[in-house]
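What follows is one structure encoded as structure tokens, with my remarks underneath.
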Amino acid sequence: GAGVSQSPSNKVTEKGKDVELRCDPISGHTALYWYRQRLGQGLEFLIYFQGNSAPDKSGLPSDRFSAERTGESVSTLTIQRTQQEDSAVYLCASSFTLAGSSYEQYFGPGTRLTVT
Amino acid sequence: AQKVTQAQTEISVVEKEDVTLDCVYETRDTTYYLFWYKQPPSGELVFLIRRNSFDEQNEISGRYSWNFQKSTSSFNFTITASQVVDSAVYFCALSVLSGSARQLTFGSGTQLTVLP
């Protein structure tokens, strides 16, 4: 079946501009995550969506970052007034969920964001 | 808070050698899940294994094996008879059930280079 898809694959933007990144999760996966990966580093958790519950935004680094998800489908991550330190690969992942367990997350190819 | 440490930043081996990637984790939760992911040069994270904290049985899958030891909080990964295609960054990750999200806490990764 289709995996997690993300668009665009690359985005170059000028400092101060807003950007919007998109994620299409695997069909049937109720959980969706956004992570950030800076060059040569591990992944940092940003935000989590589970069904119609309020999202867990505990990983968002500043109020310039926000995300939305429509039901159990597409999600968009928006970064306002981009800064050079926002340059990174933004990865989306989705998974099944079941109370009392934690399932493997399947990752998309990422969006490489470069802020000039 | 959770923490994952991958002390080996880079490892280089010659093809057919065995190699072990170390992973040490920290958590106060008694129920947790451990994962390994592979990130080849293409950049897309590939899920390798998921293990819960109540299952300390070692696992073997082809040339891959995992050694989970709660006593030392370690979840090490061994590749037997390494191949050039194994060259990638390998990430160990931890997920706990406390809190609403099941986000992965990643180590900083180990860059494995297998030379022909």
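Line order of the protein sequences matches chains A and B. Counting from 1, position 113 in the first sequence corresponds to residue 133 in our numbering; the numbering is continuous, with no gaps. Counting from 1, position 68 in the second sequence corresponds to residue 82 in our numbering; the numbering is continuous, with no gaps. Think of the CB as a built atom: it goes at the ideal place given N, C-alpha and C, for glycine as much as any other residue. Being a predicted model, the structure only gives us computed values, none of them experimental.
- Here residue 120 of chain B is buried, its C-beta having at least 16 other C-beta atoms within 10 Å.
- Take the alpha-carbon of residue 61 of chain A and the one of residue 115 of chain A: they are about 23 Å apart.
- Fewer than three Cβ pairs drawn from the region 48-66 of chain B and the region 69-86 of chain A lie within less than 8 Å of each other, which leaves the two stretches out of contact.
- Straight through space, the alpha carbons of residue 29 of chain B and residue 97 of chain B are spaced by roughly 5 Å.
- Here residue 128 of chain B carries a strand assignment [DSSP, helix/strand/coil].
- When the beta-carbon positions are compared, residue 18 of chain B and residue 53 of chain B stay at least 8 Å from each other.
- For residue 125 of chain A, the chain B residues whose C-beta falls within less than 7 Å of its own C-beta are 118, listed in chain order.
- Within chain A, 122, 123 and 124 have C-beta atoms less than 9 Å from the C-beta of residue 64 of chain B, given in sequence order.
- Interface with chain A (8 Å Cβ-Cβ cutoff): residue 76 of chain B is excluded.
- Comparing alpha carbon positions, the residue from A:35, A:27 and A:49 closest to residue 126 of chain A is A:49.
- Per the DSSP secondary-structure output, residue 124 of chain A pairs with nothing in a beta bridge.
- The alpha carbon of residue 89 of chain A has as its nearest neighbour, out of A:28, A:40, A:35 and A:22, the alpha carbon of A:40.
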